[in-house]
Amino acid sequence: MKVLSMTYCLFAGLGLAMSVLTAQAQDASEMLKAADRFRMSADNLQVETQINVVNADGSPDKERRYTVFVQAQRQSLVLMKSPAEQGQKVLMLGDDFWLLMPQSQRPLRITPMQKLLGDASTGDIATLSWADDYTGKLLGEESCAASAQVPAQPCWHLSLSARRKGVTYQRIELWLGRVKHQPLKADLYVLSEKLAKQARFVFDDAAAPALVTEMVLTDQVSNHKTTHVRYLSRKVRQVPPNWLNPMFLVTNPPLD
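Heads up, the sequence shown is in the numbering used here, so the first residue is 8 and it goes up one at a time.
And the structure:
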């Protein structure tokens, strides 16, 4: 009887541990979905985006404008609007990325780590969903601050592992607000497990955040510049299917 009792306790303990792990995984998944809603307010969006690069001494470096059509099922089209890049486009279909040049009749394969400007890569502005691209693990509650200028607050620490190889970062350490699960800051790691960038998120209203208005990227590898990705406007828009076809886009059609 004693052996049976010990065996029962062992299996009961294992069952409880599995239940806790399952609950944590579900909690992490729901937290990521909530965090995504602060960056992407609908499945199909047109996002007017501005990227500014600031040197380590605080002086301005470069500025570019982009129109980004973020669509359902991991599809995005980026139109480059600044004179230096006029006519160039980036198309994302799942794990596949293409660069389309106005004078070329052939789409060029690129990776999501392809630099756009400063430390902002194609994947940084073409993808806005963590829940679709990563598996999250809840590590626990911590006190954290998005920056030195922001008071520390209780937050959740999640560790995200890429579901596939075609994502921008293979691992993300993410900190979310304790109650609303808004994204506060993130450490972004590449395939070699090197910390490539750190990100912090700025909101429309610090007291009652509803949308991320800016993502600030700080280089951790080389130049230590700061890149500000500003979301100037968002509106619901589903683009025609042919806009997501690379062979259609190489004809340089007008996209209005």
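From the three backbone atoms N, C-alpha and C, an ideal C-beta is built for every residue, glycine too.
Environment of residue i [buried if 16+ CB atoms lie within 10 Å]
{"i": "Q189", "result": "buried"}
{"i": "D140", "result": "buried"}
{"i": "R244", "result": "exposed"}
{"i": "P261", "result": "exposed"}
{"i": "R241", "result": "buried"}
{"i": "K96", "result": "buried"}
{"i": "A30", "result": "Confidence is the limiting factor: at A30 the pLDDT is only 40, short of 50, which leaves the residue's position unreliable and the question unanswerable from this model."}
{"i": "A138", "result": "buried"}
{"i": "V60", "result": "buried"}
{"i": "V75", "result": "buried"}
{"i": "G184", "result": "buried"}
{"i": "P90", "result": "exposed"}
{"i": "V54", "result": "buried"}
{"i": "M254", "result": "exposed"}
{"i": "A65", "result": "Residue 65 is actually Gly in this sequence, not Ala. Exposed, since its Cβ has fewer than 16 Cβ neighbours within 10 Å."}
{"i": "G125", "result": "buried"}
Same chain, Cβ closer than 8 Å to residue i, five either side skipped, listed in chain order
{"i": "E149", "result": "P161, C162, W163, H164 and W182"}
{"i": "A24", "result": "No answer about A24 holds up, because its pLDDT of 37 lies below 50 and its placement is not dependable."}
{"i": "S111", "result": "V257"}
{"i": "R113", "result": "V257"}
Integer-rounded CB distance, given that residue j should sit under 8 Å from residue i
{"i": "D103", "j": "T175", "result": "At roughly 14 Å, the Cβ-Cβ gap does not stay under 8 Å, so D103 and T175 are not in contact."}
{"i": "Q82", "j": "E70", "result": "Actually they are not in contact, since the Cβ atoms of Q82 and E70 sit about 27 Å apart, beyond 8 Å."}
{"i": "N259", "j": "P109", "result": "6 Å"}
{"i": "L115", "j": "L123", "result": "Contact flag wrong, Cβ pair sits at about 14 Å."}
{"i": "L195", "j": "A203", "result": "5 Å"}
{"i": "G147", "j": "L39", "result": "Actually they do not touch by this definition, with Cβ atoms about 16 Å apart."}
{"i": "A133", "j": "V85", "result": "6 Å"}
{"i": "Q93", "j": "M87", "result": "7 Å"}
{"i": "S166", "j": "E180", "result": "6 Å"}
Cβ-based neighbour list, residue i, same chain, cut-off 7 Å, excluding 5 preceding and 5 following
{"i": "A127", "result": "I58, L224, T234 and V236"}
{"i": "L198", "result": "Q177"}
{"i": "F153", "result": "Checking the displayed sequence, the identity of residue 153 turns out to be Ala instead of Phe. These residues qualify, in order along the chain: L191, K192, R207 and F208."}
{"i": "M222", "result": "A206, F208 and V236"}
Proximal residues to residue i (C-beta, below 6 Å), its chain only, five neighbours per side dropped
{"i": "R46", "result": "L135 and V219"}
{"i": "D1", "result": "The structure shown does not extend to residue 1, since the chain is modelled only from 8 to 263, so the question has no answer here."}
Residue i - containing alpha helix (DSSP H), residue span
{"i": "L256", "result": "P253 to L256"}
{"i": "T129", "result": "T129 to A133"}
Residue i - containing beta strand (DSSP E), residue span
{"i": "T233", "result": "T233 to V243"}
{"i": "D103", "result": "D103 to L107"}
{"i": "P67", "result": "P67 to Q78"}
{"i": "K88", "result": "Premise fails: K88 is in no beta strand (DSSP E) and is neither H nor E."}
{"i": "T220", "result": "V219 to D226"}
{"i": "Q57", "result": "L52 to V61"}
{"i": "L123", "result": "K122 to L124"}
{"i": "R116", "result": "L115 to I117"}
{"i": "V97", "result": "K96 to L100"}
Residue-level contact to chain D via CB, residue i, 8 Å cutoff
{"i": "T220", "result": "Looking for chain D here will not work: only one protein chain is present."}
Next item on the list: Pick out the complete alpha helix (DSSP H) segments inside the segment 141-217, 4 residues or longer, and give them in chain order.
Entry: Runs of the alpha helix (DSSP H) inside the segment 141-217: none found.
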